[in-house]
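Protein chains in written order, with my numbering: chain B, 1 to 500; chain S, 1 to 245.
Here the structure comes first, spelled out in structure tokens, and everything after it is commentary.
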Amino acid sequence: MNKLKLNSSSITFLPILVCIPITYELFINFHIGGIELFREFIISALNPKINNEIIFTLVKRLNETVFIAFSSWLISMMFGVILGILSSEIFYKIINLPKFLKRFLNLFLTFIRSIHEIIWGLVLMQIYGINFSIGVIAICIPYIAINAKVFSEQIENINLKTVESIKQINGNKSSTLISLVWTPVIKTFKNFGLYRLECAIRSTAVLGLFGVGGIGTSIFLSFQTLNFRELWTYLWGLAFLIIISKELLNKFNLSYSSKKFLTLFVIALFCISLFSLSFFVYFIFYKNAIPFNSINNLLISNLNFISYDFLKLLLETIVLCLLSTGIAISFPPFFILFFNNKIGITIIRIISFLFRLIPPPLLILLLLMFNDPSISLAAITLGLHNAAITSKLLLANLHNQDNTQYIAMKSLGVSKRSSWLFGLFVKQANSYLAYCAYRSDIIIRETAILGVIGSVGLGWQLQESLSSFAWKEVLVILIAYSSIAIIGELINDKIKSNLT
Amino acid sequence: MINPLLELKEVSYKNKNNFTLDNVSLRIKSGEKIALLGKSGAGKTTLISILNGTLKPNKGRVKLFNTEFDKLNLYQKSKISTIWQDLRLIEDLSAEQNVNCGLLGKQSFLFAFKNLLNISSFNKAHQYMQVCNLKKSIFSKNIRKISGGQKQRVAIARSLIQDSEILLADEPFNNLDPKLTSNIKNLLLITKNKNKIKVPKTTLISLHRLDLLDGFNRIIGMKNGEILFDIEKTKLKKFHLNKIY
């Protein structure tokens, strides 16, 4: 018998097997209690509530969302660049500083990156109360670390021989450093930075569901009162904001020759960063933080994890990650393969847009209308949301790909599906899997949100511990989350390096 | 005895691939035009990298202006300029921005910043680029979008604008056609102020082509990391070349 040999294409389809346990659990947990509500929700999508009051609230909430998203994006970009440079090898080659500082900084950034903005938001809200600044700071903390990682990776790609040649000119160290890192930083900002603004808008919407403000808060309040028509007005508003911002960003073609604009932009970024740093320091040290007035709280609060079955929750979180990742990887190629015609692809695009638009916490609340809380429900929610994102990328890459092989295969009489599989998808499989590996890093971090809402894994425990101000438990959960994320990231880095 | 500008004393170097430079001593005096000959892998690039301070020898001493290399300040170090064999230009910057990078040793951080924002003065860079036979149309072109020969001349202009006292060049004529090779060689070896451009008085150029030896006054031959001969150009005989090729 031939030995089973897996390649990138087959590995992409294999995780569809996660559907077996998920379907089974969803089936046994199914109930029809909320079917009527769900029907109403679907119908309301086409009949959103429009009156002066709603429009006024919508505009106000969108303004808040833009404010939080834009401020956090700007601050996280600037500090991301600075920390990205500080955590790159080249910085230490030019400025002769001990390398343990780099290791220490990278460790610190890995830790703050591993915890989702929602968790930061929940923790900060519990300490400082609800206000706009919480939204900005909660998004900024992981975003700064994520941006720093991306910028640092791009800076590391500079040819070391170029570094030597510029060093050999013997200019002052800051001039040498800026001359070397400038182009990778600007290039990364163009390719990645603008996309992060879209991410910041989405994160703001999700944070809003937890009360920080912005459109998310209105969406959540409408859902709580089961006012689905109003809910859809806000959801379409959010869709409008995402589409408009994307279109504007596409138009915003930053060129090296736009001298005045660049100069102003850099100066503005610098001023805003200084301002935000001072604001951050003020916020941390002078604002009242009643429940968390000393570090002693960490030591004197109870740690009663055995009763919470901590290990079970940890395991649930890991299983949730694996199931969601399986869905996110396998669904897009599977559905594109089986509905590979113009109408099918259009429907896939519309559905994936809706799954991207509806924040995962809201999606799980909708699914809870006809299913009991379970790992499978959380996994399908998180998986579908992320599959919507991976499908967007896959469709875009397939569209841009050279299709001569596909046409050649079809002309040989090969079926459309086989031609697509062997003529188009095979070429994309490696890069698609590499992107999915990156996506799974995000899925690991996102399990926290689903945990909070869907009563699964550590997220649920975090909510409980925060509500009872059990800071020691909160700390242990954060460390557990961070450990899972860091281990996941290490595994994914290994996978990515094997694939690319 | 006149102090040499640059001196290597019993220098040995061993890299990761076990390539060794064995007990090399060399004194370079002001005004010398030195051709460094040798087959590929003879150690020419390693020797140049040690002379400009990029590589630190495992043994021996390197002195510039009679001072140990480690004790030199940045200004003194900037008195050596190098044209690298693999050019080592900054990708994605324009040709003129790359040439301006040669001024980093003499200018402030603000200059570097303005250069990157494309708002600094490029007059000096243009002057040097023109002398290196570069056409105006490529001045503002991205370095990725110009030919190998044009890149070579950008690298040469970058090292000349440095206004150094010693020029070290590692096979600088590689990508140039015969006419350009002759022009650039004359530019590097003839120190008269042409077009108000100051060219370093002292030059060490590594070469492969023996037909380019005109204009040099000293020839150094290398093989397997050792200097086999170091003679005046007028004393060069065929058997010298047979030793190294």
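Where a beta carbon is used, it is the ideal one built from N, C-alpha and C, also for glycine.
Could you tell me the distance, in whole angstroms, from the CA atom of residue i to the CA atom of residue j?
{"i": "S:Leu236", "j": "B:Asp402", "result": "60 angstroms"}
{"i": "B:Ala138", "j": "B:Trp120", "result": "5 angstroms"}
{"i": "B:Leu424", "j": "B:Gly326", "result": "22 angstroms"}
{"i": "B:Ile50", "j": "B:Ser374", "result": "36 angstroms"}
{"i": "B:Ile75", "j": "B:Phe240", "result": "24 angstroms"}
{"i": "B:Gly457", "j": "S:Leu89", "result": "52 angstroms"}
{"i": "B:Ala289", "j": "B:Met125", "result": "Confidence at B:Ala289 is low in this model, with a pLDDT of 49, below 50, so the placement of that residue is unreliable and no value is reported for it."}
{"i": "B:Lys416", "j": "B:Gly33", "result": "42 angstroms"}
{"i": "B:Cys436", "j": "S:Asp211", "result": "58 angstroms"}
{"i": "B:Val136", "j": "B:Ser71", "result": "7 angstroms"}
{"i": "B:Phe30", "j": "B:Thr381", "result": "15 angstroms"}
{"i": "S:Val131", "j": "S:Leu168", "result": "19 angstroms"}
{"i": "B:Met77", "j": "B:Ile90", "result": "20 angstroms"}
{"i": "B:Gly459", "j": "B:Gln428", "result": "35 angstroms"}
{"i": "S:Gly225", "j": "B:Ile442", "result": "53 angstroms"}
{"i": "S:Glu32", "j": "S:Ile231", "result": "12 angstroms"}
{"i": "B:Ile215", "j": "B:Tyr234", "result": "7 angstroms"}
{"i": "B:Ile16", "j": "B:Val163", "result": "47 angstroms"}
{"i": "B:Leu83", "j": "B:Ser114", "result": "16 angstroms"}
{"i": "B:Ser257", "j": "B:Ile186", "result": "Residue placement at B:Ser257 is poorly supported in this model, since its pLDDT is 47, which falls under 50; the coordinates are not used for a value here."}
{"i": "B:Arg349", "j": "B:Thr110", "result": "34 angstroms"}
{"i": "S:Glu68", "j": "S:Leu8", "result": "10 angstroms"}
{"i": "B:Ala378", "j": "B:Asn371", "result": "11 angstroms"}
{"i": "S:Lys196", "j": "S:Phe109", "result": "26 angstroms"}
{"i": "B:Phe310", "j": "B:Leu462", "result": "11 angstroms"}
{"i": "B:Ser411", "j": "B:Ile244", "result": "41 angstroms"}
{"i": "B:Ser294", "j": "B:Leu101", "result": "Here the model assigns B:Ser294 a pLDDT of 49, short of 50, so the residue's position is not dependable and the matter cannot be decided."}
{"i": "B:Asn430", "j": "S:Lys56", "result": "42 angstroms"}
{"i": "B:Phe67", "j": "B:Thr176", "result": "36 angstroms"}
{"i": "S:Leu204", "j": "B:Arg196", "result": "50 angstroms"}
{"i": "B:Ser505", "j": "B:Thr317", "result": "Only positions 1 to 500 of chain B appear in the structure, and residue 505 of chain B is not among them; the question remains open."}
{"i": "B:Lys472", "j": "B:Ile127", "result": "14 angstroms"}
Could you spell out the range, first to last residue, of the alpha helix (DSSP H) harbouring residue i?
{"i": "S:Met129", "result": "Asn123 to Val131"}
{"i": "S:Asn320", "result": "The first residue shown for chain S is 1 and the last is 245, placing residue 320 of chain S beyond what the model contains."}
{"i": "B:Met369", "result": "Per DSSP, B:Met369 belongs to no alpha helix (DSSP H) and is neither H nor E."}
{"i": "S:Gly60", "result": "Premise fails: S:Gly60 lies in the beta strand (DSSP E), Lys59 to Leu64, not in any alpha helix (DSSP H)."}
{"i": "B:Tyr234", "result": "Phe228 to Lys251"}
{"i": "S:Glu7", "result": "No alpha helix (DSSP H) contains S:Glu7, which is instead part of the beta strand (DSSP E) from Leu6 to Lys14."}
{"i": "S:Thr54", "result": "Neither: S:Thr54 is in no alpha helix (DSSP H) and is coded neither H nor E."}
{"i": "B:Arg356", "result": "Lys342 to Leu357"}
{"i": "S:Ile181", "result": "In the sequence as presented, Ile is not what sits at residue 181 of chain S; that position holds Thr. Counting along the chain, the alpha helix (DSSP H) containing S:Thr181 begins and ends at Pro178 to Leu189."}
{"i": "B:Leu323", "result": "Phe310 to Phe338"}
{"i": "S:Leu110", "result": "Phe109 to Leu116"}
{"i": "S:Ser78", "result": "Per DSSP, S:Ser78 belongs to no alpha helix (DSSP H) and is neither H nor E."}
{"i": "B:Gly383", "result": "Ile375 to Asn400"}
{"i": "S:Arg249", "result": "No statement about residue 249 of chain S is possible, as the shown extent of chain S runs from 1 to 245 and does not include it."}
{"i": "B:Lys416", "result": "Lys416 to Ser419"}
The beta strand (DSSP E) that contains residue i, what's its start and end?
{"i": "S:Glu226", "result": "Glu226 to Glu232"}
{"i": "S:Ile166", "result": "Ile166 to Asp170"}
{"i": "S:Gly38", "result": "Lys33 to Gly38"}
{"i": "S:Leu204", "result": "Thr202 to Leu207"}
{"i": "S:Arg218", "result": "Arg218 to Lys223"}
Along the stretch 181–207 of chain B, what residues have a CB closer than 9 angstroms to any CB found in chain S?
Trp182, Thr183, Pro184, Ile186 and Lys187
Cβ pair count under 8 angstroms reaching 3, the stretch 112–128 of chain S against the stretch 81–99 of chain S
yes
Can you list the alpha helix (DSSP H) stretches of 4 or more residues lying completely in the stretch 447–474 of chain B, in chain order?
457–467
Short-range partners of chain S found in the stretch 69–95 of chain B, where Cβ spacing is below 8 angstroms:
none
Going along the chain, which residues of the stretch 140–170 of chain S sit with their C-beta nearer than 7 angstroms to a C-beta in chain B?
Gln162
Using Cβ-Cβ distances below 8 angstroms, what residues of the stretch 162–174 of chain B are close to chain S?
Thr162, Glu164, Ser165, Ile166, Lys167, Gln168, Ile169, Asn170, Gly171, Asn172 and Ser174
Assess contact between the stretch 145–157 of chain S and the stretch 109–119 of chain S, defined as three or more Cβ pairs (one per stretch) separated by less than 8 angstroms. Is contact present?
no
Within 8 angstroms, do at least three Cβ pairs link the stretch 473–488 of chain B to the stretch 361–372 of chain B?
no
Could you tell me which whole alpha helix (DSSP H) segments of length 4 or greater appear in the stretch 67–129 of chain B?
89–94, 100–114 and 117–128
Using a Cβ distance threshold of 8 angstroms, determine whether the stretch 72–82 of chain S contacts the stretch 168–175 of chain B, with at least three qualifying pairs required.
yes
What are the complete beta strand (DSSP E) segments, minimum 3 residues, inside the stretch 199–223 of chain B?
none
Please determine if the stretch 20–37 of chain S and the stretch 208–227 of chain S are in contact, where contact requires at least 3 C-beta pairs separated by less than 8 angstroms.
yes
Does the stretch 173–182 of chain B touch the stretch 58–65 of chain B, meaning 3 or more C-beta pairs lie closer than 8 angstroms?
no
Chain-ordered residues of the stretch 476–489 of chain B with a beta carbon less than 8 angstroms from chain S:
none
Residues, ordered as in the chain, of the stretch 112–125 of chain S that lie near chain B by beta-carbon distance below 8 angstroms:
Ala112, Phe113, Asn115, Leu116, Leu117, Asn118 and Ile119
Would you say the stretch 88–106 of chain B touches the stretch 221–231 of chain B, given that touching needs at least three Cβ pairs under 8 angstroms?
no
Report yes or no: do the stretch 377–396 of chain B and the stretch 330–344 of chain B share at least 3 C-beta pairs separated by less than 8 angstroms?
yes
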